[in-house]
Amino acid sequence: MSSGFSGEIYGAGGRSTMNNNNSQRPYSSPLSGILPDPVTQMVHQGRPNLMGKRSLAEFQQQQQLQFLQLQQQKQQQMMLLQQQQQQGIGFYLRNVKPRSYQQSSPMSPLSPVDFSVAAAASISSSNSNVSTMMNTRQALPVLQQPANMGGFLSPGIQNYSTGVSSLNPVQNRATIGVQESDKKMMNCLQELEKQLLDDNDEEEGDTVSVITNNEWSETIQNLISPSQNQNQIQKLASLSPSSSTSSCASSTESPAISCPKQSIIEAATAIYDGKNDVALEILTRLSQVANIRGSSDQRLTAYMVAALRSRLNPVDYPPPVLELQSREHTDTTHNLYEVSPCFKLGFMAANLAILEAVADHPFNKLHVIDFDIGQGGQYLHLLHALAAKRSNNPAVLKITAFTEQAGGVDERLNSINMELNSVANRLGVCLYFNVMSCKVADLSRENLGLDPDDALAVNFAFKLYRLPDESVTTENLRDELLRRVKALSPKVVTVVEQDMNGNTAPFLARVNEACGHYGAIFDSLDATVPRDSMDRVRIEEGLSRKMSNSVACEGRDRVERCEVFGKWRARMSMAGFGPKPVSQIVANSLRSKLNSGTRGNPGFTVNEQSGGICFGWMGRTLTVASAWR
């Protein structure tokens, strides 16, 4: 573009005109008119002659001449632009002499004719071709585009006027990749033009282009197949959240189960929110990783899925209610008490607390009332403990098994009586076994046949959690029994219960508690019972009934209502009992029992807390034994 001074230089002294008529005409580039003329952009470096001032008419005439020259140059650029739009990049080849090859072009897999046709077809049919690029770039020739605007990009990829991308971050990354490819292509084209402009007959055989065949082939392939850039954009853009809703939805409908316990909570939450379809879908996926013969986590998952199905559809999957009153369930529960140190040591703690409470009694007579004697295994240990005590008088043990069943003594109680008497005779302990069948309201010292010199102890080992409280019925059998026992004035009352918030807790809290509590029991069984043992199968079936009843049932149908130790302390205090902390001797004796024999396992723990002794697995308390007076 002209500098606007028309070869005249003005100074204080007058005007001087440069005469270039006799100068040699400079070499004219084939791209003259497209590229700026270097002659018109030269700055006069000679010493200026001071000339006089011009008149106003001469100045206006010069301005009009400059305006006409600018208009003429713009028209030439528009004409050249139209030619470029019609011919594509073919104008780069107009000064190339035809060369004959025995085969296709060494720079491209296509022949020169094929290249021209393919390039023209590609440019005319693609939205990201040269014509679109030229319209986007304010009618500047290709080689004069700014460096940051290079590349054959389709409209809409980037707003050059504002510099703000209109696409999401993933599509911006795709655009950046295409721009880098296009910059490489433009560098190749510029190098090609340089070689073509310097091409002559004398240097034809000696000139070696810096453009390699691979680079040129890649550039031509990008020009011929512009759809590859579009495919790259579409492929990367498909990863964006806005354009992949359907694919992401299909992948999130059935994600893999990475944490079964977390998925169990999610299913319970869906049930609580009334989203039954969502809950059913989660339970279906959980059933795929559940296995009642697999690891402890897989077994817990299988039984929790069954419990939640019962909660979701109690008609097709009825939860266990009457099954918890069956003889089979009673047997499997007591099998758990025998094989799990957390339960077995709870019974031992109750026996030691009883013996410690009556140690100062003048008469060596102990009367124990048991409201759930079970299989009588607890008193086998008590008989051995009494026999180990050195006393001048033989030990006397009276056991009253309380039952509310009609018909009095059954076969199970007779069997317990015979076994205990056999062991007592062998140990030299005088044993009296009695069964009392009456209602709780009729419980009194007279009905029990208590002697004045009897040291009375009441044992609540895994009994109170099966009695409904005020949250279930106004009768409140739990508090009623405690008040009746308080009226008997016992020397000690022992309570052994599971430490689990399963009574008044809402549904979601009970699900979480069941996962934690029974999950720890399943893990602890791996340390004591082989996985393929039939006894363990029956024990776990009993645990599954407990879980289902705790999770799926409400009201009176929820038979088992466990509490945490803090709530048991509050209830015992309201009933008029005071805590009787267990001595350190008892705690140390239980620890030695835990670490002896086959029970030695670092996972089991024995801790003293708030007057009770806590038994647990891996830091989670499972059972608590406490004494009251």
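The C-terminal position of the sequence shown is numbered 629 in full-length UniProt numbering, with every residue numbered one higher than the one before it.
Glycine is no exception: its CB is placed at the ideal position from the N, C-alpha and C atoms.
Taking a 10 Å sphere around the C-beta of I613, we find 16 or more other C-beta atoms and assign the residue as buried. Taking C-beta separations shorter than 6 Å and ignoring five residues to either side along the sequence, the partners of H367 in its chain run K398, D454 and L456, following chain order. Beta bridge pairing from DSSP links I369 with T400 and V458.
Under the three-state reduction of DSSP output, Y432 falls in the strand class. If you look at C438, you'll find it isn't in any alpha helix (DSSP H); DSSP assigns it neither H nor E.
Rounded to the nearest angstrom, the gap between the Cα atoms of L590 and V582 is 11 Å. Apart from sequence neighbours up to five positions away, the residues of its chain that approach Q498 with a beta-carbon distance below 6 Å are C562 and T623, ordered along the chain. The three-state reading of DSSP puts R620 in strand, counting E and B together. Proximity to T400 across G374, L482 and H384 peaks at G374, based on C-alpha coordinates.
When C-alpha distances from N434 are compared across E419, F402, R327 and V458, the shortest belongs to F402. When DSSP states are grouped into helix, strand and coil, F565 belongs to the helix group.
Secondary structure of Q609 (DSSP, three-state): strand. C-alpha of R483 to C-alpha of V396: approximately 28 Å in a straight line. Here F604 carries a strand assignment [DSSP, helix/strand/coil].
Per DSSP, the unbroken beta strand (DSSP E) holding V493 starts and ends at V492 to Q498. As DSSP reads the structure, A625 sits in a beta bridge with V496 and I613.
Taking all protein chains in view, the Cβ of V305 is crowded by 16 or more other Cβ atoms within 10 Å, so the residue is classified as buried. Considered as a whole, the stretch 495 to 534 harbours no complete run of any beta strand (DSSP E) with no fewer than 3 residues. In chain order, C515 place their CB closer than 6 Å to the CB of K261, counting only its own chain and leaving out the 5 sequence neighbours on each side. According to the DSSP assignment, A353 belongs to the alpha helix (DSSP H) that extends over P341 to A357.
Out of S258, L383, D372 and P362, the CA that lies nearest to the CA of N393 is found in P362. Here DSSP, grouped into helix, strand and coil, assigns P579 to strand.
Under the three-state reduction of DSSP output, T474 falls in the coil class, being neither helix nor strand. Inter-residue distance for K344 and R309 is about 32 Å (C-alpha atoms, whole angstroms).
Excluding residues up to 5 positions away in sequence, nothing lies with its Cβ nearer than 6 Å to the Cβ of G274 in the same chain. Boundaries of the alpha helix (DSSP H) harbouring E411: E411 to L427, taken from the DSSP string. Around the beta carbon of E513, 16 or more other beta carbons sit within 10 angstroms, so the residue counts as buried. Taking 7 Å as the cut-off, the Cβ atoms of L488 and R478 do not count as close.
In the assembly as shown, G502 is a buried residue. Its beta-carbon has 16 or more other beta-carbons within 10 Å. Going by beta carbons, R285 and V551 fall outside the 7 Å limit. Going by DSSP, Y465 is part of no alpha helix (DSSP H) at all; its letter is neither H nor E. The Cβ-Cβ distance between L594 and P341 falls below 7 Å.
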